[in-house]
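First comes the structure, then the notes that go with it.
Residue numbers (our numbering): 3 to 255.
So this is what it looks like as structure tokens:
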């Protein structure tokens with residue numbers, strides 16, 4: 003039986019680990035052909051091997067999403083390889099330092115926004131340009147529950163993720179009549195390698211997160227990936243402009 007992304011040409015940034023890797027494997031299972039992008043080549047190549055073992059056609063392109071030239075080259079490679087771009091998951095991001103707003107350095111602020119917000123915008127620019135030529139396409143951006151509510155000690159990250167939710171809504175309105183759907187996923191804390199490492203240093207943080215969740219557990223990367231796959235599929239054909247919480251009910255409190 004065909005998957006929900008059967009025949010779709012897809013690009014995933016931040017594909018080398020965590021949510022990006024889990025989503026790439028789900029896309030492969032659902033029949034997509036893939037272009038995987040990450041700034042860390044080792045992780046990207048590992049994901050590439052995984053999706054090929056699942057039977058997907060796939061390539062890897064090392065990409066720094068904060069650099070316009072590299073993003074443009076990434077999308078050009080997608081079209082050169084497969085002839086079109088059906089869906090994109092703009093997922094690459096970094097965490098930044100845990101500091102109060104007045105303690106945040108200009109360097110950290112600029113870096114977090116460059117990757118998490120400007121990087122998403124640059125990817126959308128290149129992807130939308132191609133999708134306008136085709137007259138269709140689907141884009142999903144990674145925001146966060148911190149893009150829907152406030153959070154302490156992560157000023158740059160919170161600002162960037164609010165920006166992602168905002169530009170998702172704005173672009174969705176701009177391109178709805180052109181057959182291009184644009185949504186975002188807003189995960190709660192998810193068991194990714196970075197979060198696991200943080201929990202090893204501070205077990206109390208993990209306990210606090212679990213207590214705050216209505217489901218009393220932390221999410222898995224695959225649970226976000228399933229939402230992304232559905233939003234990219236034709237089954238979500240009337241969905242656009244949505245920052246979708248994938249959060250175990252956190253935002254419903």
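By construction, the Cβ of each residue, glycine as well, lies at the ideal position given by its N, Cα and C atoms.
**Q.** Secondary structure of residue 245, DSSP reduced to three states
**A.** strand
**Q.** Option nearest residue 218 by Cα separation, candidates 244, 59, 147, 251
**A.** 251
**Q.** Nearest-angstrom beta carbon gap, residue 245 and residue 188 [assumed within contact, 8 Å]
**A.** 5 Å
Q.
Which residue marks the beginning of the alpha helix (DSSP H) containing residue 165, and which one marks its end?
A. 157-177
Q: Consult DSSP for residue 40 and reduce its assignment to one of helix, strand or coil.
A: Strand.
Q: Drop a sphere of 10 angstroms on the beta-carbon of residue 177, count the other beta-carbons inside from all chains shown, and report buried for 16 or more, exposed for fewer.
A: buried
Q: From the DSSP output, in three-state form, read off residue 106 for me.
A: coil
Q: Since I believe residue 94 is in contact with residue 1 (beta carbons under 8 Å), could you give me their beta-carbon distance rounded to a whole number of angstroms?
A: Residue 1 lies beyond the stretch modelled for the chain, which goes from 3 to 255, so this question has no answer here.
(Q) Rounded to whole angstroms, what is the Cα-Cα separation between residue 122 and residue 92? (A) 6 Å
Q: Ignore the nearest five residues each way along the sequence and tell me which others in residue 229's own chain have a CB closer than 8 Å to its CB.
A: Apart from the 5 residues on each side of it in sequence, residue 229 sits with its Cβ closer than 8 Å to the Cβ of 187, 246, 248 in its chain, given in chain order.
Q: Tell me whether the beta-carbon of residue 46 lies closer than 8 Å to the beta-carbon of residue 56.
A: no
Q. On the three-pair Cβ rule with 8 Å, is the region 103-114 touching the region 147-158?
A. yes
Q | Start-to-end residues for the beta strand (DSSP E) that takes in residue 186 | A | 182-189
Q | Check whether residue 169 and residue 130 have beta carbons under 8 Å apart | A | Judged by beta-carbon spacing, residue 130 lies beyond the 8 Å limit of residue 169, meaning their Cβ atoms are not closer than that value.
Q) So is residue 21 buried or exposed if we call it buried at 16+ other beta carbons inside 10 Å? A) The residue in question, residue 21, is buried, as its Cβ has 16 or more Cβ neighbours within 10 Å.
Q: Compute the distance between the beta-carbons of residue 76 and residue 34, then report whether it is under 8 Å.
A: no
Q | Cβ contact (3+ pairs, closer than 8 Å) linking the region 78-89 and the region 136-154 | A | yes
Q: Ignoring anything shorter than 3 residues or poking outside the region 125-151, list the beta strand (DSSP E) runs there in chain order.
A: Within the region 125-151, the complete beta strand (DSSP E) runs of at least 3 residues are 139-144.
Q: Rank 135, 104, 32, 163 by C-alpha distance to the C-alpha of residue 97 and give the top, closest one.
A: Nearest of 135, 104, 32, 163 to residue 97, Cα basis: 163.
Q | Spatial distance of residue 40 from residue 172 (CA atoms) | A | 26 Å
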